[in-house]
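Participant: Residue numbers (my numbering): 415 to 623.
Cβ coordinates follow ideal geometry from the N, Cα and C atoms, glycine included.
Dumping the structure here so I can ask a few things about it.
Dropping the structure here:
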């Protein structure tokens, strides 16, 4: 165990495997040691600052942390990046976002890790689609397609839980047919009306939704 779980070798191996965020089970699969050895090593070296505990059963490398999008994917599963965070990622809205927003089929929740807010909004299973895996930095993340990110956001606008400055939307990056397809998954007629109004009035920005 001492040879396999030498701190230097552990960091080197985890980085080779691109496991900057991991569970005890994933750790065990890499090093092929007993559950007890895994538990002891992770607990001991979290106290020493080698790892950071994000929640029960999920850790990151303290000196080589993963990107915030990957952390968001792993903190709550299943989930994908959407809403403001995805719209900003694609350049559809100009604002800098101060929270990583995601869609999930689980209960709506919010948590703070390493001074970053992670917000998860529950969607019904019928609308939990329209996301993809993409390469980002040194990892693969799950993020909504541009049109689905906007559809997810408009769902909360329709529910009066969000506001929308439509004149700030970069609609050139949105395919209207795809947007309408995703909007219809929510079965909210007011969302379709909202999309049509946004496109009709985007040429003459005078109002705020």
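1) For residue 505 and residue 528, what's the separation of their Cα atoms in angstroms?
2) Assuming the contact rule is C-beta atoms closer than 8 Å, residue 485 and residue 499 should be a hit. Round their C-beta distance to whole Å, please.
3) I need the straight-line Cα distance from residue 551 to residue 465, nearest angstrom please.
4) By the 10 Å Cβ neighbour count, where 16 or more other Cβ atoms means buried, how is residue 544 classified, buried or exposed?
5) Using the rule of at least 16 other Cβ atoms within 10 Å of the residue's Cβ for burial, across every protein chain shown, is residue 449 buried or exposed?
6) When the distance is taken between beta carbons, is residue 516 closer than 9 Å to residue 532?
7) Return the bridge partner residues of residue 466 from the DSSP annotation.
8) Looking at the unbroken alpha helix (DSSP H) that takes in residue 562, where does it start and where does it end?
9) Please list, in chain order, all residues of the same chain as residue 421 whose beta carbon is under 7 Å from its beta carbon, the five residues on each side excluded.
10) Sort 578, 583, 566 and 511 by Cα distance to residue 600 and report the nearest one.
Facilitator: Reading it off the structure:
1) Near 25 Å, if we compare the C-alpha coordinates of residue 528 and residue 505.
2) The C-beta distance from residue 485 to residue 499 rounds to 12 Å, too long to fall under 8 Å, and the pair is not in contact.
3) Going by the C-alpha atoms only, they are around 21 Å apart.
4) Around the beta carbon of residue 544, 16 or more other beta carbons lie within 10 angstroms, which makes this residue buried.
5) With fewer than 16 Cβ atoms within 10 Å of its Cβ, residue 449 is classed as exposed.
6) At a Cβ-Cβ threshold of 9 Å, residue 532 and residue 516 count as neighbours.
7) Bridge partners of residue 466: 474.
8) Unbroken alpha helix (DSSP H) run through residue 562: 560–572.
9) Answer for residue 421: 459 and 464, listed in chain order.
10) Taking residue 600 as reference, the option from 578, 583, 566 and 511 with the minimal CA-CA separation is 566.
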